[in-house]
Structure formats: C-alpha cells, structure tokens
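Under this note's numbering, the sequence shown has 43 at position 43, and the numbering climbs by one with no breaks.
Quick reminder that beta carbons are idealized off the backbone N, C-alpha and C, glycines included.
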Amino acid sequence: MLETEMPVKIEDFLKQAFEQNYEELRLDSGHTIAPDVKQTALQHILLYWRKLRAIAENVTDTEVRLSLPGQETPKGRDFTIEGVVDILRENDRTIMYDIKTHDADYVRANIESYEAQLNVYAHIWHELRQQPLDRTAVIATDFPEEVRLALSNESEEMLAYALKNWEPVVEIGFDPHRVDDTIRSFGAVVDCIEDGKFAPPSLTRLQESMPGKLHVRFGTHVCRNCDARYSCMPYREYSQSTRRLADRSEMHYFTDAMNDVDQEAWRTGNLDAALEADDLRSDFSTR
Ligand code: SF4
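Structural data, given as structure tokens:
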C-alpha cells in the first residue's frame, strides 16, 4: 500500500479498525474472504479517506437508518423499505450521501436507478421526518482503472494524478413525483423473491456491455464476482463462448476466480472461522 500524503495516524487507525471489524464479522458469520478481496476492501476505505477527507471529516450523522414501514406489494404482501445514509450539515445546508461500492462511471450511466433509490430516502428524510435537505449525492467508492493501475505499479506519481482525476461524488436530483413508482417497483421485487422467482438473465444479457464501460461485459463485471456462477447455466454458456476462457482447461474454469495461494488462504481461513460442522458444510458443499 502506498503511504504518501496520507496522515499516518489516521491510516493506522483505519487499518486497525478494519482488521477488528473483519475479525468480528469472520467469527460471527463463520466465513472468510479471499486475501485479494480483503485487500481491495481496505484500499476502498483508505482511498475514500484520501480522496474525500473533507466529506469524511464533516459528516454530522453517520449511518442514519431510514425506514418506511407499512408498504404493500402488488400481490398484497406487507413490506418495509429500509436504507442507511450519511448526512452532512454545514453552513445551513444539509446534504444526504448514499455510499455505494460501485464505480462512478457506472453510477452516472445508470443514474435513473440510483435516483429512484435515493429519492425514496430523501422522501423519508425530508417529507416524512420534516428534516432539511438541500442536496443528495451518491459516493461511488470503487476506484477507476487508472487508480487500480497506479496501485499495482506502486507509483505515487501515477496515483496522485489518477486520484486528482477521479470524481467519486455523483450528484442526484430529487424528484418527489417518482417516489410512488419506485416503491411500487420495490414491491414487485419483493413479490418475485417471495414467489421464489430467481431466474438468471439470458446469455445475451451477459454478453452486453456494461453501461458506462464499453469494453466490459455484464458476464465479466458482475458474474465473475457472483458466488452462484458455478451453478448458473447462462454463465457457463458465457464462459464457453468466450474464446479466452474456452482456451483454458476445464479445471481452470472452476479456479479462475483466484490464484492457488489465495485459494489456499481462503480455504484455511474458512476452516479457522467455521465453528460448527454446518458452517463448513455451507462453504464446501457441492450440492
Ligand atoms: S452468474 Fe450470478 S450474476 Fe451472473 S447471471 Fe448467473 S446468477 Fe446472475
């Protein structure tokens, strides 16, 4: 991890708090994550601090839980909408931030879905709780390719330049007229979940480019991070249709998510974290 320009005391505190949280979650859940994923999560936090220090230092209400109970799905089921946001109050202005681990280009290319969700939170905060609100924005913590490249090259110069160009805050407009539609569409999703409708998208969808990422397909960007991919038929077809993957051995297909060292660390980490036989079964079961 590169060290310059970051106050060491804060960085040390963030690393310690991260490790402590991770250990608690690991022991509580009986699961661990691959070392590269853990390292990426830590980088998100450290770069969030480095890039958005002004916001981080001035947030007045963190992890504000917003709740909208008493909603009804199209099929008549009761449900509650819940969300967590950060609030910054400064100079008579109030800003609501929704932190996402997505990248900013993706958020900008899919602005309607983020608007819809944040508008519901704004509705709860401003109209139901009668709290002041001047602006809403998404903070997209996934850093862009330039930052990733600078980190892998361990180049402070490249990193400073890439961080300067990175715009992780995406302003979102508040349109109260769309709130009812959004709540209705949330209700439709609740019905699908309760009815057990979990059909994956088609192969065509997996082959489409991600909005805001012309050369990155859904099947690569989303599916390769999905735990269900080994039992997902569209992903299997996608992998086989991709020449790069088709050239690999079948075994490589099943191990492409991480290298041997990382896999071993993930396996032993889960063995250490699993307190009960059931925990192990859920991690290693092939059914
Ligand atoms: S691999 Fe996961 S994300 Fe991709 S289509 Fe299948 S279930 Fe959906």
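Query: Can you check whether the CB of L66 is closer than 9 Å to the CB of T94?; Result: no
Query: Beta-carbon distances below 7 Å to any heavy atom of the ligand SF4 define the shell here; list its residues in chain order, please.; Result: P200, P201, L206, G219, V222, C223, C226, A228, R229, C232, P234 and Y235
Query: Anyone know if the C-beta pair for Y48 and V85 falls short of 9 Å?; Result: no
Query: Under the DSSP definition of a beta bridge, which residues are partnered with F79?; Result: Q71
Query: Measure from the alpha carbon of D103 to the alpha carbon of each residue in D142, A109 and Q71, then state which is nearest.; Result: D142
Query: Use the C-beta contact count for Q20: other C-beta atoms within 10 angstroms, 16 or more gives buried, fewer gives exposed.; Result: exposed
Query: Check H31 in the structure and name its three-state DSSP category.; Result: coil
Query: Please report how far the alpha carbon of M251 lies from the alpha carbon of A228, in whole angstroms.; Result: Note that M251 has pLDDT 49, beneath the 50 cutoff, so the model's placement of it is unreliable and no number is given.
Query: Check this for me: beta carbons of I55 and Y114, under 9 Å apart or not?; Result: no
Query: Using beta-carbon positions only, say whether R77 and A116 come within less than 9 Å of one another.; Result: no
Query: What does a CB cutoff of less than 7 Å around L206 pick up in its chain, not counting 5 residues either side in sequence?; Result: R217, F218, G219, C223, P234, Y235 and Y238
Query: Ordered along the chain, which non-local residues of its own chain (more than five positions away) have a Cβ less than 8 Å from that of L159?; Result: L2, V147, A150 and L151
Query: Quick one: using the 10 Å Cβ neighbour count with 16 as the cut-off for buried, is K164 buried or exposed?; Result: exposed
Query: S285 to Y230, Cα distance in whole Å?; Result: With a pLDDT of 44 at S285, under the threshold of 50, the predicted position of this residue should be treated as unreliable, though the coordinate-derived value follows. Roughly 13 Å between the two C-alpha positions.
Query: Could you check the C-alpha separation between K75 and V189 for me, to the nearest Å?; Result: 11 Å
Query: To which residues does DSSP link V85 through a beta bridge?; Result: V64
Query: From S249 to W125, what distance separates their C-alpha atoms?; Result: The predicted model places S249 with a pLDDT of 47, which falls under 50 and marks its position as unreliable; any figure quoted below should be read in that light. Rounded to the nearest angstrom, the two C-alpha atoms are 53 Å apart.
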